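Okay, so here's the structure we're looking at.
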């Protein structure tokens with residue numbers, strides 16, 4: 273099953289490699305991983321999307337908590353939550369594609385953020401499945417390049433993770 | 076007036092002094108020369124010069140195992156650090172509190188492929204509890220304080236502090252923090268009250284209980300409490316390799332070690348119990364064998380451990396209790412004594428009758444009339460001659476199992492071996508660490524001719540530091556455990572398990588200035604041991620020529636279940 277783990281960790285050199293190392297050493301799965309400092313510059317917030325049985329994910333959570341640099345771990349999928357991912361897609365925008373790409377971007381509520389005679393770069397935000405759907409809707413020959421951030425997640429409503 | 080500034084090297088020495096460190100095991104080199112210069116000038120702790128960095132770390136590790144204090148090792152950058160890695164991994168697998176200080180190339184040279192540069196933080200990361208690279212001398216004292224704190228608290232473990240050479244030259248005002256608090260590191264010590272009540276209730280309802288103790292009992296200084304609990308309840312007790320000495324082996328409630336080379340009574344009781352109290356043990360593969368086979372019998376499990384990630388890792392438990400084993404045990408005893416409930420005596424009597432039936436098979440019997448020396452006999456005589464009061468270190472292999480089976484440890488911290496990583500070469504340097512910590516104690520290193528050669532150079536350290544260790548070499552001419560597996564599972568194809576060209580160990584010992592003895596007949600075993608231990612200020616190397624075809628029994632083949640033992 274897919275789980276989204278949210279982590280608060282000390283913003284220290286090497287903290288990321290400890291987490292990556294833990295996942296590879298113990299054979300856990302990382303689907304995506306995003307990290308950046310929080311409003312408190314001494315802390316970083318990470319979102320890890322992983323897959324595994326409940327037992328495996330329980331072990332992952334315990335092992336993460338054991339790392340000295342990690343302040344807090346939460347499994348967002350334990351409760352209701354929101355997740356978003358950002359994607360930039362560079363597409364062909366010449367000839368018949370020019371109108372078509374603009375229309376597709378509008379339908380998916382994407383924004384065109386860079387334009388040349390032959391290309392558009394479209395910015396799209398949403399859940400991973402929405403981004404997948406967008407890519408599927410495009411003519412694959414039109415896609416020149418894609419880049420995705422991986423999911424960031426946050427709990428809904430009053431559910432907050434802070435120290 | 077401005078406060079006096081100290082160099083990084085002076086700060087390292089002052090920090091160790093502030094931590095009450097008495098012995099540092101190490102080996103000098105370019106990156107740590109400033110630190111060594113400050114060690115030369117001080118008298119607060121003694122430095123023990125080893126002959127290989129691996130030995131420094133094993134010695135510091137065994138120092139910690141035998142005292143409960145944090146062991147300290149100091150090595151240089153590059154090869155100094157890589158040589159230390161086996162020692163660090165050994166300590167990590169057995170949760171030993173240790174601080175290893177490694178030199179590093181100057182900060183400006185890091186990443187430049189400098190001479191003797193290696194990414195020590197990267198290399199050691201998977202085998203330390205934590206590690207630090209100190210890039211600023213102003214962070215040095217706090218970092219060392221943190222290192223000792225992290226190493227010793229919660230589930231203990233080794234911590235590496237990597238110090239670039241320029242940091243040891245730079246100066247700042249020195250202040251050692253009295254205490255440290257880290258928002259990201261707060262180990263749990265007190266067990267959950269409600270869970271403890273549930274656990275006690277479960278023990279009272281048990282018909283076929285077993286107490287299964289592990290290394291956590293020794294590390295958590297809970298031997299006294301576990302012994303009191305076992306006797307209060309009258310329950311059978313078994314121990315892992317790492318837990319030996321946590322419950323007195325001569326006690327009738329003790330079933331012996333369990334696991335791959337455990338006794339019939341211990342393994343069968345473990346398999347067929349209805350309530351299992353696991354104390355500071357982690358259900359590892361050498362202990363319960365195949366988890367599916369273990370799970371084929373229904374039982375309720377209570378698991379006490381300081382590390383939440385050890386709980387429900389290999390075996391799902393019913394009552395998890397996270398906390399210091401000694402504190403949790405005290406709470407158990409308080410509740411049982413206050414509650415007035417007693418376990419079901421009739422059921423317990425029937426259970427003991429079954430256990431005695433298993434015990435009556437006498438699974439550790441061996442040929443006592445043998446004309447060649449039986450290795451088991453040597454360990455039994457060692458136990459008698461030392462009155463059970465020696466510290467016994469071991470290497471890894473058959474000799475290790477015989478030492479565990481036949482030396483009846485009745486105190487914790489006396490049995491020093493590499494259980495988790497299984498590091499051959501551990502025994503001799505470990506004995507050095509133990510002897511430094513306990514100068515007047517009897518220290519025996521039970522070893523094999525394969526293992527002893529992996530750190531044989533340390534015989535010189537023993538000469539220089541005057542360490543009167545007794546080396547008990549069970550010399551069967553084979554890598555015995557490898558040979559045993561080849562006999563059982565590879566149709567007696569003994570691939571590379573026979574060593575020719577063994578040195579003359581008597582002459583070898585003598586060349587280092589020690590006493591060497593070769594013992595070839597069973598009748599000479601006891602006399603030789605007595606003579607060796609009478610030489611209180613000398614290292615004695617006893618080369619016992621033992622039966623080359625002897626095997627360790629019982630044995631559970633890898634991947635099999637607890638009741639699938641191969642017997643004599």
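Protein chains in written order, with this note's numbering: chain G, 273 to 435; chain X, 76 to 643.
Glycine is no exception: its CB is placed at the ideal position from the N, C-alpha and C atoms.
Bear in mind the structure is a predicted one, so any value in this text is a computation, not a measurement.
Looking at the DSSP output, residue 286/X sits in a beta bridge with 312/X and 352/X. Between residue 485/X and residue 320/X a beta carbon distance of about 7 Å is seen, short of the 8 Å cut, so the two are scored as contacting.
About 15 Å separates the beta carbons of residue 250/X and residue 82/X, which is beyond the 8 Å limit, so they are not a contact pair. Between residue 366/G and the set 405/G, 414/G and 427/G, the nearest pair of CA atoms involves 414/G. In summary, the residues of the region 297-316 of chain G whose CB is separated from some CB of chain X by less than 7 Å are 297, in the order they occur in the chain. Of all alpha-carbon atoms in 448/X, 310/X and 297/X, the one lying nearest the alpha-carbon of residue 426/X is that of 310/X. For the region 176-205 of chain X, the set of positions with a beta-carbon nearer than 8 Å to some beta-carbon of chain G reads 196, 197, 200, 201, 204 and 205 in chain order. Residue environment analysis places residue 553/X among the buried positions, since at least 16 neighbouring C-beta atoms fall within 10 angstroms of its C-beta.
With 16 or more other CB atoms across the displayed protein chains lying within 10 angstroms of its CB, residue 163/X is buried. With its beta carbon at least 8 Å from every one in chain X, residue 354/G lies outside the interface. When C-beta distances to chain G are compared with 7 Å, the residues of the region 212-232 of chain X below that value are 225, in chain order. For the options 452/X, 242/X and 203/X, the alpha carbon positioned closest to that of residue 444/X is the one of 452/X.
By alpha-carbon distance to residue 604/X, the top candidate from 581/X, 584/X, 546/X and 563/X is 546/X. In the three-state DSSP reduction, residue 475/X falls in the helix class (H, G or I). In this structure, DSSP gives residue 304/X a helical state, which the three-state scheme calls helix. Counting only runs of at least 3 residues, the region 360-407 of chain X fully encloses the following beta strand (DSSP E) elements, listed from N- to C-terminal order: 375-380 and 394-397.
With the rule of 3 Cβ pairs closer than 8 Å, the region 380-392 of chain G does not count as touching the region 428-435 of chain G. Rounded to the nearest angstrom, the gap between the Cα atoms of residue 277/X and residue 359/X is 24 Å. In this structure, the beta-carbon distance from residue 339/X to residue 433/X falls below 8 Å. Collapsing the DSSP output to three states places residue 116/X in a helix. Residue state for residue 624/X is assigned as coil, using DSSP reduced to three classes. Of the residues 363/X, 347/X and 365/X, the one whose Cα lies closest to the Cα of residue 374/X is 347/X. Residue contact with chain G for residue 272/X: absent (no Cβ-Cβ distance below 8 Å to any residue of chain G).
Taking a beta-carbon distance threshold of 8 Å, residue 346/G does not count as an interface residue toward chain X. For a Cβ distance threshold of 7 Å, residue set 343 and 435 of chain G lies close to residue 258/X, ordered along the chain. Shown here for residue 447/X: same chain residues with a beta carbon closer than 8 Å to its own, the five before and five after excluded, namely 597, 620, 621 and 622 in chain order. Taking residue 298/G as reference, the option from 370/G, 333/G and 404/G with the minimal CA-CA separation is 333/G.
By the 16-neighbour rule on beta-carbons within 10 angstroms, residue 291/G is buried.
If you compare the alpha carbons of 418/X, 471/X and 122/X with that of residue 555/X, the shortest gap goes to 471/X.
Runs of the beta strand (DSSP E) spanning 3 or more residues and lying entirely within the region 138-168 of chain X occur at 146-150, in chain order. At the C-beta level, residue 246/X and residue 234/X stay beyond 8 Å of one another. Short of 6 Å from the beta carbon of residue 441/X, and not among the five residues preceding or following it, lie these beta carbons of its own chain, in chain order: 449 and 451. Under the DSSP assignment, residue 322/G falls in the beta strand (DSSP E) whose first and last residues are 315-323. Residue pairing of residue 246/X in beta bridges, as defined by DSSP: 82/X. Residues of the region 381-400 of chain X whose Cβ lies closer than 9 Å to any Cβ of chain G, in chain order: 382, 383, 384, 385, 386, 387, 388 and 391.
By the Cβ neighbour-count rule, residue 375/G is exposed, with fewer than 16 other Cβ atoms within 10 Å of its own.
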